[in-house]
Structures are given as C-alpha cells and as structure tokens.
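Protein chains in written order, with the working numbering: chain V, 1 to 617; chain C, 618 to 880.
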Amino acid sequence: MSAAGMTGRWRSALLTPTGLAALAGMAVLLFLVVLGPVIWGDISTTTNPAALSQKPSATHPFGTDAGGRDVFARTMTAARLSVLMALAASAMGVLGGALLGALPSVLPRPLGRAILAGVNFALAFPGLLITVVLSVVFGQGVLGAVFAIGLAILPAYARLTSTLAASVGGRDFVAAARVLGVSRAGMLLRHIMPNIAAPLIVNASVTAGGALTAFAGLSYLGLGVQQPEFDWGRMLNEGLLKIFVNPATALAPGIAVVVSGIIFTMVGETIARATGVTRTFSDKLPRLRPREISAVLTIEDNNAVLQVRGLQIAAPGRSRWAELVRGVSFDVGRGELVGLVGESGSGKSMTCMAVAQLADHPLHVSAQSIRFDGQEIYRGTAPAGSRRAVSRLLGTRLAMVFQDPMSSLNPSLRVGGQVAEPGFLHGGLSRRAAWHKAVRLLGQVQIADPERRAKQHPHELSGGMRQRAMIAMGLMGNPALIIADEPTTALDVTVQREVLTVLHRVHRETGSAVLMISHDMAVITGFCTRVMVMYRGRIVEDISTEDLVAGNARHPYTRALLAAVPTLETERSVPMPTIADGEDFDTDLRFDLEHRFAARRQSTADKDAIEREGAHA
Amino acid sequence: MSALVFDKVRVSFGHGARKFTAVHDVSLRVPAGRSVGLVGESGSGKSTLARAAVGLCEPRSGSIALNGTELVNARGRALALRRRVQMVFQDPSSCLDPRMSVGASLVEAIRAAERRDRRPGTVAGRSAQIAGLLESVQLPSAKAAEYPGALSGGQRQRVAIARALAAEPAFILADEITSALDVSVQGSVMNLLKELQAERGFGLLFISHNLAAVHYLCDDVAVLRTGRLVEAGATADVLHTPKQDYTRELLAAVPRIGEPLFA
C-alpha cells in the first residue's frame, strides 16, 4: 500500500462514529491530564469543615467527601495521576512483553525456549495475584503500583507477541532473509516487529483500559496510591464506605474509570481499522447497475440442469464496487461434463459460489435468473421462492467439491458423521441410517476399509481420501450437478488420477453433470466435453473440447492460454509462449450469448444430422 | 569445475518413536551453469534437501559441499560461501515482507552481500544496483517504491528472484516457484530463469512436481520418492526412457492436453 493509501485509511477510520468518539475522548483525556490539576487542583484539596459529606447540590454537582472537598473537582484532578499511571504501567508491560516475546524467534533455540518457559510459568499465576504480591514487594505508593501492574501485564503480552512472532517467523520472507545472512537484530527490527506491530498496538490500547481498572482495584484495596495523593481508585475506596449515605461520591470516580476505559478501547478499535487489523468496507457505495443480457434468450434449453443468466458479482471497495463477475450467462446440460477455466481472479470460483448461494455479504450478487434442476433459485438480488425450499434443493441435488479438503471438512468431527450430515439434514434419514449410507458411499468412492475410515478424523486421511470423502458427501443426496472447484490442484499427479476417476465414475453411474473449475488445461480437456473460458469476469469462449484441442478457439485469450501450457513435448530451445503482464484482450461481448448459443445449436443440429445420416447409411 | 554436491545427505525430524526421516542418504550433483530438476510427490523430501543446503535445516549425516567446502554448520568463510547459494520459495504471497517496499527488500539483500564480501557500499551505488536488478528480472525500476500488496503473483516472484540475484549467487535453489502461479505467468518466469542462467551462469536446482516444466527447463533430472533417490540422469533419458517403474508411473499419471482421461 502506498503512503497516500495509508492516509486515506486513517481518514476513513477516523471519520466513523467510533473514530470520532475516540478522537473526542482522547482530546478530553488529554485536556484533563494537562490542565485538570491546574484548574481544579486548589479546590480539590481545600477542606471545608462546614460542608462534610454533602449530597449533590448546585455548588457541588457530585457532593463533597468526608473532608468536605468537592468530589467533582477531585475527580477531574485525579485524571492526571490515574491516566498517567495506567499509561506508564501499560507501556512497561507492553514494551517489555513485546521484547521478551519477540526474542525467542531470533535467539538460538535453547535460549528462546528458556525465555518462553519463564513466560509460561508466570502466566500460570492469576494476574491479580501477581499484582498484589508485587505491590507488597515494591511497597505502597505510585511507583510501586506502576511496577506491580506493569510487570503483571508483561507475561500475557510476551505470550501474545511470541505467538504472533512465531507465525511471522515461519513465513518464507524470513527464511529468505536468513539465507541472505541478515543479522538477528535486523530480522527482529525489520521483519518481525513491523509485521506484528498492528495487532500489538491495538491490544496495547485495550491493555491501557484494563490497567486503569487494575489501578482502581489496587487503590481500592488500599495498596496503591496513598494519601495525600489520590487517584480514581483511592476515591472509589473512600466513596464506597459511604455508598448508602452518599452514592454520588463513589459514582463520580466510577464513571471516570468506565468512560476512560471505553475511550481507550475505541482508540484501539480505530487503530485496528486504520491499520487493517479489522477489515472495513464502506456501506455507502453507489447503487450498482445490473448487467443487461440480450433478449434473444427466449429460446432456452429448459432441460438444462443449470441455467445462469446475467450473473453479476461485485465486492465493496473503499469507495466503489469492484465488479468480479460482469454479466455471465451459461447453461450446463443434464449429465454434461463442463469445464470452466481462467486465471486466478477471473471470477470462475465466484460464479460457482453464487450458484451454490455461498457468496455472502458483503458481496453483491445479482442475476436476471439462476435456474437449477428445473426450479428458479435466484432472481434479482435475492434467492427466489422460500429459502427453505431452495436450501433443500441445493442440499440434495447440488454437490460441491472444493480445492482444499482439509478446510472444507471440520477437523474436529469424524469423517463418517460429516459425510452423513446431508442425509439426515435434507434426506429424511435417521442418523443411524445416514451413517450406514455414508459408510457405503465411502466404499463407493474407493476408500478402502470404509467402516474404519468413517470413524477417523480428517487429518488421519490422505489428501486424496479427503477429497473422495467430499465427493461421497455430495452423493448423500442425489446430485444432478457436482461443482468441483479445483478439486485436484493440491494433489499429486497420481492421486489426482484417482480422484478424477472416482468423479468420472460417479458421473457415469448416477448421470450427474459436472462443472469443473480448474486452471489446468490438461485436466479440463481430459475430463470435460465442453470448455468455457473466463477472462476478467466474462465468459469469452464456450467451445467443445474437440474444437478447442483442434485449435479452433475463437478468442485470442483462449489460444494464448492454450499455447502457454508446457507439455513433455514442448520444444526446449525456444522461449515458452507467454501472456505478458497486463496484456489486454478484448472482453467485449463479441462472443456474446447470441453467438454462443447459436453456435451451440448449430453444432448440435450438425451432430443430429450426422447421426441421422449415419442411421440411414 | 565447480559444483554443489550433496553426498549421502540424511535429514530427519523428531526423536525416538516420533522420528521421521525426510531425506534418506541422497547424493546429487548440481554442476555450475547447469539446471537440475528435482521431481517427486509432496512429502518426497525435495524441499527439505534444498533447505538443508542453505542452512534452514540440519542434516543428521552426510555432506553438502560447494567447490569442496562443507556448507553444513558453516562458519566464517564457509558461511560466506554458503551465501552464494540462494533459495527462492514457492508461495508468492509470503515470499516478500508485506511491510517492506520492493526497494527496501532489495537493499537488505544488497547490504547483506556487502557485509559478506566486506566491501563498503554507497547509497547511490545501491540504488543503481536496485535498478539493475529490477531490469534483469524485467520489471520497471518504478516498482522499487511499490509494496508487495500492489504486485501480481508473477511480479512478486520476479522480485524474489532479484533479491536472490543480489547475493550474486553461484547456485539458485528454486522451490516450486511456478506452482502457485497462473499458467500464463509460469511460462514467463521459466523464460526469465533460462535467460538469467545463460547470462550469469549460476547452477540451478529446480524443484517441481510439474514434469513438463522440468522437462522444459532442466538439463538433468533427479526423481525422489519418500526421501530416497529413485532415478537420476539427463532429462531426455529420464523423462523419455525412464528406467524405474516409479518414474514411469509418475509420467503416465500426467494428464495431457486433448487426451481424454477416460475412454
């Protein structure tokens, strides 16, 4: 992100209600810390024997304390000490903890382990206990309290830092820096700290709020600030003795603690938004104009298992919509094997997520119509008909297989139970019957010893087995369509073969159609009979595999894509044909629906004619 | 002739019953100026072998030597020599520090090389070097000011290659560097590697599970399976007339464009 982008993010984070409140709150706190004792200092220490423990009145809005001093003035004056102590203790805990927590990632292993062991040991004790013990050790008073609370914060912060640092330390750029010979200090200061700084700062402001309460608690116990000095905690301590007589004296410092705590937390939230720890998007984007599709589509293949018309998907950006899918229309016939290829970001996965109605808020999904299995499931910007009926239809007739089976299966549940779930959720089976069916299906997708495998957890299965278990899950219903999104990309070639074989067998035996998304041209042309090519949110080519392989692709992008795939026969002495970075292909609907559907009808008619001739011969 | 030589390298993790040997006594030679492909399925130990050469993990036994100098546990001059072996990683989303501009990443690498060679550098010299490095990976010099978030996957891999080049490497270990890229971008990265190698003469260990990419780029191929070397030799021999069943199995499983997978 550029410097301009940074300022933009800060501005938009500050211009939210939370951001403005945080800013105003910080201004008030700053004012009180600097000027509180100057303005109210004298009044707050002036005792008045004539007005002891008075209830709130016009001259004393929160009454007076046992010494006849004005509680409001004392609360304002105490702000400096209370806030500064909280900040000092947080700074100590946060900086110390961050240093201690980051060291293990650059120190030699035994030393790092020793530090972590110490931190974990300290964490085993409750924070309050550490605070009380330390404050007894350091003695009463401001300094003692700051050290006690600062040191009590430290272990938790060290732990957080080491966890964050470990996640950064395992990344490739740190390994690359090590290989280059970057020094330990350089690694810590340039790579690890900057990458964990944002969450640490966010946590630090929340910690400051917590420290404020901790000081109040400590002073309340009589261990913190001692007379004649006073902070909010000390005032709470004194006020609570008379809570039933004069509640206002305890209320004023109580409100001060709560409000400052909230201000610190809001500051943290604002920083989180500005630094991107919390992701935000504007909810005031201009309306998006739906994509029009040509009117010729009154002639439709109503027998198709899937009909998508004018599908548009957009993601909200900071100031405008990013259109990911720009008016896509296509059919998948019953029992057809269709491939959808394109680069990452071309919108191919998005299209399928929208069909399965998995593209959720904040994405904007609109379509003239999506029909599945003879029923309209989406129209305009919302699912058509009752959500229940649509979800039931999708649950039983549509199967999804994703790229990473480790993340699409729940790691904490048994495989069999997960495969069985659609059976009792949508299929009306008892849990027992669903489990039995699941075991049978696991066997059907070539998983050996399905009884035992069903009782195992996903991590105990190999990648190929997990992917086949996903297929089995899809078979719990009676799928008319299987959408497979890069089903074999994460797998080795030999395992890839097994998974594709199972998928093909399912297609043959159940007659279900398959819509396969992949960037692997070889897999797509080997598996599918028709290929659609997506480019920048549009389908630019819709062609039979035969024609594609024969070199009859019409769109230059398709031809370029095909040429860019290396094979075992690629000539080594010439450079690989490539698609240059940022090379622009025409995305105009030159191959718009009218053409594509006309061409398909034509080729079907040809085929019919040939078959008829064949029958005559 | 200089070479990076792996001799009976064994790498294992854990102890006792949980001990897992990732690389089993693998011997392999990467001659200077040549490219050697290392193929095998996930878990075959390809990456581990490369990581051992650059000190990211430690072999239990065996030796890894550059021009006869042992690189395992290298100190002093041997360590400086080991920095002549550089590695480029697979994942374009994590190969660059997201908080560092392209220029800053390259400066870091340039300064590390200056320290290694005990030569002072100047700010002007470094910025000239950055421009040169970016040019050699075919990126405009204006990219130096950009952050990785603003670059495409292919561009990030180019920057990662430029960072490795800053160390003036004698050998580059490329670990699946094209696997996560779109097909259309893979080709351009492979072309770049070929050109750079012709220009600078480094030896290349190209780790990949993509046999077609290895076939295109490499002079020699070594096949690994569960940490053991199955077969090694000239690319044409190993990939066209394999001697081992496992290699044949691997080759047979590769889908080919236009060949129906199921009759």
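Built from N, CA and C at the ideal position, the CB exists for glycine as well.
Output the distance between the C-alpha atoms of Glu569 of chain V and Asn827 of chain C, rounded to the nearest integer angstrom. Numbered from 1 along the first sequence, position 569 holds the residue referred to as residue 569 of chain V. Numbered from 1 along the second sequence, position 210 holds the residue referred to as residue 827 of chain C. In a straight line, the C-alpha of Glu569 of chain V is about 13 angstroms away from that of Asn827 of chain C.
Select from V:Arg508, V:Pro17 and V:Ser391 the residue whose C-alpha is nearest the C-alpha of Asp373 of chain V. In the first sequence, counting from the first residue as 1, residue 373 of chain V sits at position 373. Comparing Cα-Cα distances from Asp373 of chain V to each of V:Arg508, V:Pro17 and V:Ser391, the minimum goes to V:Ser391.
Hey, is Cys712 of chain C's beta-carbon within less than 7 angstroms of any beta-carbon in chain V? Mapped onto the second sequence, residue 712 of chain C falls at position 95. Yes, Cys712 of chain C lies at the interface with chain V (some Cβ there is under 7 angstroms from its Cβ).
Exposure label - Val341 of chain V; buried when at least 16 CB within 10 Å: Position 341 of the first sequence holds residue 341 of chain V. Result: buried.
The segment 313-321 of chain V / the segment 342-354 of chain V touching (three or more Cβ pairs under 8 angstroms): yes
Phe72 of chain V and Ala248 of chain V - do their beta-carbons sit closer together than 7 angstroms? As a first step, residue 248 of chain V must be located in the first sequence, where it is residue number 248. As a first step, residue 72 of chain V must be located in the first sequence, where it is residue number 72. Not closer than 7 angstroms, so no.
Pairwise C-alpha distance: Ile196 of chain V and Thr16 of chain V: For the purposes of this step, residue 16 of chain V is taken as residue 16 along the first sequence, with counting starting at 1. For the purposes of this step, residue 196 of chain V is taken as residue 196 along the first sequence, with counting starting at 1. Taking the straight line joining both Cα atoms gives about 25 angstroms.
C-beta neighbour in chain V for Phe706 of chain C, strict 7 angstroms: By 1-based counting over the second sequence, the position of residue 706 of chain C is 89. It does: the Cβ of Phe706 of chain C has a partner Cβ on chain V nearer than 7 angstroms.
List the endpoints of the continuous beta strand (DSSP E) containing Leu398 of chain V. Position 398 of the first sequence, counting from 1, holds the residue named residue 398 of chain V. Note, Leu398 of chain V: beta strand (DSSP E), Leu398 to Val401.
What's the C-alpha gap between Asn808 of chain C and Arg171 of chain V? Translated into positions along the second sequence, residue 808 of chain C becomes position 191. Translated into positions along the first sequence, residue 171 of chain V becomes position 171. When rounded, the distance between both Cα atoms is 27 angstroms.
Candidates V:Leu212, V:Ala117, V:Met235 and V:Ala211, of which the one nearest Gly222 of chain V by Cα: Translated into positions along the first sequence, residue 222 of chain V becomes position 222. Of V:Leu212, V:Ala117, V:Met235 and V:Ala211, the residue nearest in Cα terms is V:Met235.
In this structure, what does DSSP give as the bridge partners for Trp321 of chain V? The sequence position of residue 321 of chain V within the first sequence is 321, counting from 1. V:Pro316.
So, is the C-beta of Val838 of chain C closer than 7 angstroms to a C-beta in chain V? In the second sequence, residue 838 of chain C corresponds to position 221, counting from 1. For Val838 of chain C, the answer is no, since every Cβ of chain V falls outside 7 angstroms of its Cβ.
Does the distance from the CB of Met406 of chain V to the CB of Ala356 of chain V come in under 7 angstroms? Residue mapping note: residue 406 of chain V aligns to position 406 of the first sequence, counting from 1. Residue mapping note: residue 356 of chain V aligns to position 356 of the first sequence, counting from 1. No, these two residues do not count as a Cβ contact at 7 angstroms.
Can you tell me whether DSSP reads Gln814 of chain C as helix, strand or coil? For the purposes of this step, residue 814 of chain C is taken as the residue at position 197 of the second sequence. Helix at Gln814 of chain C.
Exposed or buried, which one is Leu337 of chain V when buried takes at least 16 other CB atoms within 10 Å? Numbered from 1 along the first sequence, position 337 holds the residue referred to as residue 337 of chain V. Buried: at least 16 other Cβ atoms inside 10 Å.
Should Asn303 of chain V go down as buried or exposed, given a rule of 16 or more other Cβ atoms within 10 Å for buried? Start at 1 with the first residue of the first sequence, and residue 303 of chain V comes out as number 303. Its Cβ having fewer than 16 others within 10 Å, Asn303 of chain V is exposed.
Under 8 angstroms from the C-beta of Val871 of chain C: neighbouring residues of chain V: Here the question's residue 871 of chain C lines up with position 254 in the second sequence. Near Val871 of chain C (Cβ distances below 8 angstroms), the residues of chain V are Val493, Ala522 and Leu568.
Pair every Cβ in the segment 182-200 of chain V with every Cβ in the segment 118-138 of chain V, then say whether three or more of these pairs are closer than 8 angstroms. no
So, with DSSP's three-state summary, where would you put Gln930 of chain C? Nothing can be reported for residue 930 of chain C: it is not among the residues displayed for chain C, which extend from 618 to 880.
Terminal residues of the alpha helix (DSSP H) in which Asp42 of chain V lies: Counting from one through the first sequence, the residue named residue 42 of chain V turns up at place 42. Counting along the chain, the alpha helix (DSSP H) containing Asp42 of chain V begins and ends at Pro17 to Thr45.
Contacts that Arg716 of chain C makes with chain V (C-beta to C-beta distance below 7 angstroms): Taking the first residue of the second sequence as 1, we reach residue 716 of chain C at position 99. Those within 7 angstroms of Arg716 of chain C in chain V are Pro194 and Asn195.
Output yes if chain C places a C-beta closer than 7 angstroms to the C-beta of His459 of chain V; else output no. Counted from its first residue, the first sequence places residue 459 of chain V at position 459. No, because no Cβ of chain C sits closer than 7 angstroms to the Cβ of His459 of chain V.
Measuring only the C-alpha atoms, how far is Val296 of chain V from Met576 of chain V? Residue mapping note: residue 296 of chain V aligns to position 296 of the first sequence, counting from 1. Residue mapping note: residue 576 of chain V aligns to position 576 of the first sequence, counting from 1. For Val296 of chain V, the predicted structure reports a pLDDT of 41, less than 50, and the residue's modelled location is therefore unreliable. The matter cannot be settled from this model.
Would the C-beta of Ala670 of chain C count as close to the ligand GDP, meaning under 6 angstroms from any of its heavy atoms? Absence of the ligand GDP from the depicted structure is noted, as is the absence of any ligand whatsoever, leaving it without description.
Counting Cβ pairs, one atom from each stretch, are 3 or more of them under 8 angstroms apart for the segment 37-54 of chain V and the segment 74-83 of chain V? yes
Using DSSP's beta-bridge definition, name the partner residues of Gln703 of chain C. In the second sequence, counting from the first residue as 1, residue 703 of chain C sits at position 86. In DSSP, Gln703 of chain C forms a bridge with C:Ile789.
Going along the chain, which residues of its own chain have a beta-carbon closer than 6 angstroms to the beta-carbon of Thr298 of chain V, five neighbours each way excluded? Looking up residue 298 of chain V in the first sequence gives position 298. Confidence at Thr298 of chain V is low in this model, with a pLDDT of 42, below 50, so the placement of that residue should be treated as unreliable; the coordinate-derived value is given next. So the list is empty, once near-sequence residues are dropped.
One or two residues paired with Ser680 of chain C in a DSSP bridge: Indexing the second sequence from 1 puts residue 680 of chain C at position 63. According to DSSP, which records beta bridges pairwise, Ser680 of chain C is partnered with C:Asp624.
Let me check understanding here. Comparing Cα to Cα, which of V:Thr567, V:Leu180 and V:Leu441 lies closest to Leu696 of chain C? Within the second sequence, numbered from 1, the residue matching residue 696 of chain C stands at position 79. Closest option to Leu696 of chain C, Cα to Cα, is V:Leu180.
Can you tell me which residues form a DSSP beta bridge with Ser652 of chain C? For the purposes of this step, residue 652 of chain C is identified with residue 35 of the second sequence, where counting begins at 1. Looking at the DSSP output, Ser652 of chain C shares a beta bridge with C:Leu821.
Taking the alpha carbon of Ala639 of chain C as the reference point, which residue from C:Gly650, C:Lys625 and C:Arg646 has its own alpha carbon closest? What you label residue 639 of chain C is simply residue 22 of the second sequence in a count that begins at 1. Comparing Cα positions, the closest option is C:Lys625.
For Glu541 of chain V and Ser753 of chain C, what's the separation of their Cα atoms in angstroms? Here residue 541 of chain V refers to the residue found at position 541 when the first sequence is read from its first residue. Here residue 753 of chain C refers to the residue found at position 136 when the second sequence is read from its first residue. One Cα belongs to Glu541 of chain V, the other to Ser753 of chain C, and the distance between them is close to 36 angstroms.
Contact with chain V by Leu790 of chain C, beta-carbon distance below 7 angstroms: Counting from 1 along the second sequence, the entry for residue 790 of chain C is found at position 173. Chain V contact via Cβ: absent.
C-beta contact flag for Asp862 of chain C and Ala851 of chain C at 7 angstroms: Position 245 of the second sequence, counted from the start, is the residue given in the question as residue 862 of chain C. Position 234 of the second sequence, counted from the start, is the residue given in the question as residue 851 of chain C. It is not a contact, given that the beta carbons lie outside the stated cut-off.
Any chain V beta carbon closer than 7 angstroms to Asp799 of chain C: As a working mapping, residue 799 of chain C is identified with position 182 in the second sequence. Output row for Asp799 of chain C: interface = yes.
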